[in-house]
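Residue numbers (my numbering), protein chains in the order written: chain A, -6 to 221; chain B, -6 to 221. We put the beta carbon where it would ideally sit given N, CA and C, even for glycine. The model shown is predicted, which means the values in this text are computed figures rather than measured ones. Here's the structure, in structure tokens; my notes come after.
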DNA sequence: TCACTTGGTAACTTTTTGGTAACTTTTTAA
DNA sequence: TTAAAAAGTTACCAAAAAGTTACCAAGTGA
């Protein structure tokens, strides 16, 4: 069953961004725009985890945090503005499990959520395969290491992630925009040609290694990791 | 089977902090908010160990301690406020096995628990490898000693723990935040660049010693202890 | 109390990366 | 056959990340 997350955040944009990312990761997301609503929705749906903004009008995050703590042990992650150092202390005092400083990276948020859920026992987020093996090619995202024909090849993050993504679904074509969405993040606004450049760089590392796979251009569409 | 611990502590925050840490270490934790409840839960679940706060309203820690001692030899660790020196004497008089002064470090608590359990025979906490050996490198967390190329090298705690953590999962990359969570504790409030500095200090101690391993930077991701 | 150790911060330097722009080549379709 | 569109390629640069150094605050022990 899906893990449910309640977002209590008055800034609509931040909330939507979070929601989009979390849903993509398979979480069931509910959003509350203020503290009062947050508490109400909390009681209604009893989520597995709460993301709670500190700065909110009327009923602030700490009040909500204490209120939730008074009735259950649901993990709470606070979202605090940068510089408010005391928040860290407050957080623990009021029973928060972790806190994230704005502005935050989505990856950061996901990592924290998984960490907190892991800590609070029970819920286990099933992890995907982090290691792909093809003929003379190993893509290991745990070691963050690319092995080509038995040799380790230094490969920057973006290239690793792009290759890993393509190779996770062999023979499937992705458009540049799909790749930008999935690898760069849907909040990336740049030239789609940047994909070409990364493909080029990957090809330099991979060319002539094996007959059984290659990074193929699908003209007018995009790229795929082709496996014969 | 998991080792069970009963926490009797009226301060919800402290209790939760303890619970979180202990569960992460694999203990089965039960919490009681006051002395009466504590005694009741003690009788219900017969835990392997009791963490008992001294200062509690209604029925204080000493009473609970004596009550438990009257019926079993279950190890008891008292949690006392700083300055209450007499507690030490009281503790022994009332049959406590150990005592810890607030505010305490979680690591301290874990160490005490393991020590007490070891002493009270019976329960054996199967502990992980506390000693890692690589080519010309010995990381001994029991002796808290680092041996490089046959020579002991004075190494401060944080560096030892960081190295030990990284070396416990060779070739696996950890981000700075993961390392902060795991080595510094998830309740650490500080700059993630502090990891860099510790890595630097470790490298000074380790550089040029062996070809078969090294502390490697994974650009854009984090660090790993690489073993060839 | 004072000297020493440790852990952490801040500031500055160096390295690496990701992305853009410009130019070239290939493919498609009229 | 040729022009337009798409993709390949190259070089370069600003920003991000990591390395490095110096310094400071808190804790420790003599």
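Unbroken beta strand (DSSP E) stretches of 3 residues or longer found wholly inside the region 135 to 174 of chain B: 138 to 141 and 144 to 146, given in chain order.
Taking CB atoms only, residue 4 (chain A) has no neighbour in chain B less than 8 Å away. Annotated three-state conformation of residue 215 (chain A) is strand, per DSSP. Going by DSSP, residue 190 (chain B) is part of no beta strand (DSSP E) but of the alpha helix (DSSP H) stretching over 186 to 199. For residue 32 (chain B), the enclosing alpha helix (DSSP H) starts and ends at 28 to 38. One alpha carbon belongs to residue 217 (chain A), the other to residue 104 (chain A), and they sit about 28 Å apart. Remark: three or more beta-carbon pairs, one from each stretch, lie closer than 8 Å, so the region 24 to 31 of chain B and the region 0 to 8 of chain B are flagged as touching. With a threshold of 16 other beta carbon atoms within 10 Å, residue 33 (chain A) falls short and is exposed.
About 22 Å separates the beta carbons of residue 164 (chain B) and residue 185 (chain B), which is beyond the 8 Å limit, so they are not a contact pair.
Per the DSSP secondary-structure output, residue 124 (chain B) pairs in a beta bridge with B:133. Here residue 200 (chain B) is exposed. Its C-beta has fewer than 16 other C-beta atoms within 10 Å. In the displayed model, residue 221 (chain A) falls within coil according to three-state DSSP, outside both helix and strand.
Spatial neighbours of residue 140 (chain A) in its own chain (CB-CB distance under 6 Å, excluding positions within 5 residues in sequence) are listed in chain order as 131. If you draw a 10 Å sphere on the C-beta of residue 55 (chain A), you find 16 or more other C-beta atoms in it, and that means buried. Under a 10 Å Cβ-count criterion, residue 152 (chain B) is classified as buried, with 16 or more other Cβ atoms of the shown protein chains found around its own Cβ. Secondary structure at residue 51 (chain B): coil, using DSSP grouped into helix, strand and coil. Contacts with chain A at 8 Å (Cβ-Cβ) include residue 174 (chain B). One thing to note: residue 90 (chain B) has its Cβ within 8 Å of the Cβ of residue 70 (chain B). The contact set of residue 165 (chain B) on chain A, defined by CB atoms closer than 8 Å, consists of 135 and 136 in chain order.
Close to residue 143 (chain B), with beta-carbon spacing below 7 Å, lies no residue of chain A; the smallest spacing is near 29 Å.
Boundaries for residue 89 (chain A): no beta strand (DSSP E) harbours it, and the DSSP string shows neither H nor E there. Against chain A, the CB of residue 217 (chain B) has a partner CB under 8 Å away; the residue lies at that interface. Going by DSSP, residue 21 (chain B) is part of no alpha helix (DSSP H) but of the beta strand (DSSP E) stretching over 21 to 25. The C-beta of residue 101 (chain A) comes closer than 8 Å to at least one C-beta of chain B. When 9 Å is used as the limit between beta carbons, residue 150 (chain A) is near these residues of chain B: 211, 212, 213 and 214, in chain order. Taking a contact as a CB-CB distance under 8 Å, the pair residue 57 (chain B) and residue 1 (chain B) counts as one, their CB atoms being some 6 Å apart.
Cα atoms of residue 205 (chain B) and residue 72 (chain B): separation of roughly 46 Å, rounded to the nearest angstrom.
By alpha-carbon distance to residue 63 (chain B), the top candidate from B:16, B:36, B:19 and B:126 is B:36.
Of the residues A:188, A:210, A:194 and A:129, the one whose Cα lies closest to the Cα of residue 173 (chain A) is A:188. The Cβ of residue 108 (chain A) sits closer than 8 Å to at least one Cβ of chain B.
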